[in-house]
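The sequence shown maps to residues 75 to 185 in the working numbering.
Where is the CB? At the ideal position from N, CA and C, for every residue including glycine.
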Amino acid sequence: MLLVQLLPFLIILLLAYLPFSEPEYSLYKNYSYQFPKTIENYGIQYFVKSQAFDRNYPQGSAARTTIEDNVIKDYKNMLRRYCQIEIQRRSWNRNLPTPHCEKLQNFGVVA
Numbered sequence: 075m076l077l078v079q080l081l082p083f084l085i086i087l088l089l090a091y092l093p094f095s096e097p098e099y100s101l102y103k104n105y106s107y108q109f110p111k112t113i114e115n116y117g118i119q120y121f122v123k124s125q126a127f128d129r130n131y132p133q134g135s136a137a138r139t140t141i142e143d144n145v146i147k148d149y150k151n152m153l154r155r156y157c158q159i160e161i162q163r164r165s166w167n168r169n170l171p172t173p174h175c176e177k178l179q180n181f182g183v184v185a
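Okay, here's the thing in structure tokens:
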């Protein structure tokens with residue numbers, strides 16, 4: 075009976091110690107992601123943890139393509155969020171620019 079009562083606590087404790095991996099990239103430079111990379115076709119800059127990134131994920135490899143596809147997807151999602159804020163602010167003042175919406179349109183995405 076005591077084991078049944080302690081089981082939820084033990085499960086939570088075990089989950090707390092499971093290793094969780096960080097993403098291989100970030101759209102923002104910070105203490106973990108110091109090394110800049112650019113997706114040439116789109117001019118999107120992202121940051122990686124290590125200078126060994128190019129060795130671990132060679133240009134043209136399936137793994138690198140997957141990472142860059144995720145970077146593009148995340149970048150577009152970020153632009154969408156900022157664009158929605160710009161649209162809301164523009165409803166208050168028609169003269170405000172919408173640079174994130176313009177970048178989104180350059181990708182062929184409608185806000």
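Residues bridged to residue i by DSSP?
| i | result |
| --- | --- |
| residue 94 | For residue 94, which the question treats as bridged, DSSP gives no partner whatsoever. |
| residue 82 | Answer is none; residue 82 lacks a bridge partner. |
Is the beta carbon of residue i sitting closer than 8 Å to the one on residue j?
| i | j | result |
| --- | --- | --- |
| residue 102 | residue 145 | no |
At which residues does the beta strand (DSSP E) containing residue i begin and terminate?
| i | result |
| --- | --- |
| residue 120 | 118-122 |
| residue 103 | Where residue 103 is concerned, there is no enclosing beta strand (DSSP E), given that its DSSP letter is neither H nor E. |
Assuming residue i is part of the alpha helix (DSSP H), what are its boundary residues?
| i | result |
| --- | --- |
| residue 173 | 173-180 |
Grab me the residues of residue i's own chain with a C-beta within less than 6 Å of its C-beta, minus the 5 sequence neighbours each way, in chain order.
| i | result |
| --- | --- |
| residue 177 | 153 |
| residue 136 | none |
| residue 125 | 109 |
I'd like the list of long-range same chain contacts for residue i, defined as Cβ closer than 8 Å, with 5 residues on each side in sequence excluded.
| i | result |
| --- | --- |
| residue 141 | 98, 99, 131 |
| residue 172 | 157, 160, 161, 164 |
| residue 96 | 106, 123 |
| residue 85 | none |
| residue 121 | 99, 100, 101, 102, 103, 104, 107, 108, 109, 110, 111 |
| residue 69 | A query on residue 69 cannot be resolved here, the shown segment of the chain reaching from 75 to 185 and no further. |
| residue 138 | 131, 132 |
Only counting the same chain, and skipping five residues up and downstream in sequence, which positions put a Cβ closer than 7 Å to that of residue i?
| i | result |
| --- | --- |
| residue 148 | 101 |
Mind listing, in chain order, the continuous alpha helix (DSSP H) runs of no fewer than 4 residues lying wholly within the stretch 125-153?
-> Along the stretch 125-153, the alpha helix (DSSP H) occurs as fully enclosed runs of 4 or more residues at 127-130, listed in sequence order.
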